[in-house]
Every structure is written in structure tokens, then in C-alpha cells.
Amino acid sequence: MKLLVTGGAGYIGSVVVQRLLAEGHTVEVLDNLSTGHADSVLDGARWHQAELLEVGQILDASFDGVVHLAARSLVGESVSHPERYWHGNIVATLALLDAMRSAGVRRLVFSSTAAVYGEPAGASIAESDPTMPTNPYGASKLAIDHMLTAEARAHGLAAISLRYFNVAGASGDLRERHDPETHLIPNLLKVAAGEKESASIFGTDYPTEDGTAVRDYIHVLDLAEAHLRALAAAEPGAHEIYNLGTGTGTSVRQVIDAVREVTGAEVPAVEEPRRAGDPAVLVASGARALKRLGWSPTRDVRDMVADAWAALGHEVRTPNPSTRPQASGDPA
Ligand SMILES: NC(=O)c1ccc[n+]([C@@H]2O[C@H](COP(=O)([O-])OP(=O)(O)OC[C@H]3O[C@@H](n4cnc5c(N)ncnc54)[C@H](O)[C@@H]3O)[C@@H](O)[C@H]2O)c1
């Protein structure tokens, strides 16, 4: 297929591009480098440094589909500047849908997020669970999901939304390089590398086994694989939604243990109060993705930490089976 990847200079987008090229697809990248990096655009892909709003100048009937990852994705910023999320995510995606309709490009895979669910009712989240985002970032992604449902029904788009849980890990040199970095694993690795004095544990009084928040971490390579399957599975006139996680919850303390084990560093951690709006447990049910896409993740948190540490040029310590962190939660 000939595919346009929006956000292909970003963390996840660059790994998706890598997998698409490896499968023999023709790939063009649209990215404005607002949070991405020019050196993350792989040689085999043609790159357009452009705004998503200008996508109509790039997309034509020669494309078979679009993988749409470009977005603003900082929860805190979305609360202080919601207008950036309405413009950058909703309005820009509308421009993409208009361009796709005009060019007759009928296949779309969209990066949605677990943030659409807000504060979940149960420990394991299914796609049919209520969507009640607690911030404008999640609300903007949910609005786009609604747009895709209507676009598929009215104009025959083949659309799939992938609701990622907590993405981590690296593929070779392709790794997380966000600024500011809000994600746990890259921040812990900064501490392990001596670039930061200590890590923060936000909340130690959650109703979880060790009192810290539990999340579902998914390796970026497993995630990229799901995009290939989604591109193949998308059906004209239908909008399907899939949660992408491992179905296994890992607490903040368990992630810290994994980082200590992989790096051999002490990783001092400071206990701080809970952050507003952080749910105790967010774990995906992977049942639908397994059933309909035949997709299931193969890598665990230790693999994510090890690959991210290796991507920074460090040596990974050999695993000691007796000290592997015990995961808790709901296996998919
Ligand atoms: N990283 C995660 O854990 C996670 C979890 C859930 C969902 N997501 C979603 O996955 C997608 C990719 O996330 P990421 O972590 O790789 O982020 P990222 O910031 O590394 O990548 C986003 C890319 O999109 C580009 N971009 C943003 N707005 C643009 C615009 N208007 N026009 C053109 N290019 C634009 C940026 O320059 C960047 O290269 C996002 O849609 C995000 O909301 C990520």
C-alpha cells in the first residue's frame, strides 16, 4: 500500500513507519516537527515538513490510506490551553478527513487513547465501557472517534481507532524524546543515567497492592504491529475501535524495580501526593483486538525498560528470573 503517516517524525510514528517500510509499503510522512525530530524520519520514507491543516496539498488518489498519529498530547497543557487541542487535534483532523474525501482515500488508522475513558468503573477496560474523559486531550480524541464513526457511515470511510494505553520501549535507536517528558519510564531512566537526582512517585495511598498507581504498559513494537493488522482489517463504511494494552497492570513501584534491575542503578524515588485526575488503575481488556485483529502483545515491562535503556547507549544487565517484577491486574 501507499500510505501517508501523519506524525511520522514522532516517537510512535517513527516506529510505525519503520515497520511499514519493512513490510514493503510505500510511506510518506507529514510532520511539522512541533514535537518530532527530523532524524527520526527514516530514509526510505518521503518527508513533507508541513502542518496537518495543509494535508490537502499532499494527499492525492495515489494513496491507499492514512495512519494518523499527529496530535498534541500533553494532558496538563490541554487543561491550561484547551483551544490548542480543539485546533490541533479536532480541527486539523477535520482537514484530514476533508482531504481524504476529496482525494478518494478511503482507509484510516487513528491514534486514540485510554484517556477517553476517564475514571474507569472497573479494573479492566473494554471498548464498550463508558467514555468520560477528564481533560481536553481525552475529549479531543473522543470527538475525533465520533467524527470517524459518522464519516464511515455517511461516506464509506474504512476507519479504525486504536486506543493506546501507556506506550514505552524503543526500536533500535528510535525512542521517546519528548520535551517536557511526562512519561514514567524515560524519566526513571534519566535518574538511572544520573541526569536527574530522583524520581517522583505521585501517590502512595491508592487502593492497589503497593499503594502506587497501576498502569498497562505496551511496547512500541507490539503497538506498531497492531497498526499493520488494523490497516489490513479496516472495512469500508465501518469504524472499529480497539484498546491496545497488555491486559496486565504494573504499579509505579514495580516499574522502578524493573529499572533498577535493568540498569543496576539505585534510582532514588521521592514519595509525593497524588496528582489530580490520576485514576488508581488503568488496564486494558485486550479481548477484542485478539479476537478480531488476531493481535496480542509479546513483550513485557522489563523488555520495554531494557530496549529504552539500550537505545540510550547503555548496557542492559542480564535478567535474574527470581527478581523479575510480579505483575498484577487482569490478564487479557
Ligand atoms: N505515547 C503514548 O503513551 C500515547 C498514548 C496514547 C495515545 N498516544 C497518541 O499517539 C500519537 C503519537 O504519540 P507520540 O508519543 O509518538 O507523540 P510525539 O509527540 O512524539 O509525536 C507526534 C508527532 O506529530 C507531529 N505533529 C503534532 N501536531 C502536528 C500538526 N498539527 N501537523 C503536523 N504534525 C504534527 C509532531 O511533530 C510529532 O512528530 C498521538 O496522537 C498521541 O496522542 C500516545
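Numbering of the sequence shown is given in numbering that gives the first Met the number 0, commencing with residue 0 and proceeding in unit increments.
We treat Cβ as the ideally placed atom computed from N, Cα and C, and that holds for glycine.
Considering only heavy atoms of ligand 1, does any lie closer than 8 Å to the CB of residue i?
i: arginine 71; result: yes
i: threonine 245; result: no
i: aspartate 30; result: yes
i: alanine 122; result: no
i: glycine 12; result: yes
i: glutamate 208; result: no
i: alanine 226; result: Residue identity differs from the one stated: residue 226 is histidine in this sequence, not alanine. Checking every heavy atom of ligand 1 against the Cβ of histidine 226, none is found closer than 8 Å.
i: asparagine 186; result: no
Out of curiosity, what's the CA-to-CA distance linking residue i and residue j?
i: histidine 154; j: arginine 100; result: 8 Å
i: glycine 64; j: glycine 12; result: 15 Å
i: glycine 137; j: glycine 87; result: 13 Å
i: threonine 203; j: tyrosine 10; result: 30 Å
i: proline 330; j: threonine 247; result: Note that proline 330 has pLDDT 34, beneath the 50 cutoff, so the model's placement of it is unreliable and no number is given.
i: threonine 148; j: alanine 44; result: 30 Å
i: leucine 58; j: proline 135; result: 28 Å
i: serine 199; j: alanine 70; result: 27 Å
i: glycine 328; j: serine 123; result: Here glycine 328 scores only 41 on pLDDT, less than 50, and its place in the model should not be relied on; the value that follows carries that caveat. Cα to Cα, glycine 328 sits roughly 8 Å from serine 123.
Which of the three DSSP states is assigned to residue i in this structure?
i: isoleucine 159; result: strand
i: glutamine 4; result: Here residue 4 turns out to be valine, not glutamine, going by the sequence shown. Reduced to three states, the DSSP call for valine 4 is strand.
i: histidine 226; result: helix
i: histidine 80; result: coil
i: aspartate 30; result: strand
i: arginine 106; result: strand
i: leucine 19; result: helix
i: arginine 176; result: coil
i: glutamate 383; result: Only positions 0 to 331 of the chain appear in the structure, and residue 383 is not among them; the question remains open.
Exposed or buried, which one is residue i when buried takes at least 16 other CB atoms within 10 Å?
i: glutamate 224; result: buried
i: alanine 326; result: The predicted position of alanine 326 is uncertain, since its pLDDT is 49 and thus under 50; a value taken from the coordinates is nonetheless stated next. Buried, since its Cβ has 16 or more Cβ neighbours within 10 Å.
i: glutamine 344; result: Given that the chain is displayed from residue 0 to residue 331, the structure contains no residue 344 and the question cannot be resolved.
i: alanine 231; result: exposed
i: histidine 238; result: buried
i: glutamate 260; result: buried
i: threonine 262; result: buried
Can you check the stretch 241-325 for any beta strand (DSSP E) of at least 3 residues that lies completely inside it and give the ranges in chain order?
Counting whole runs of 3 or more residues, the stretch 241-325 contains the beta strand (DSSP E) stretches 268-271, 280-283.
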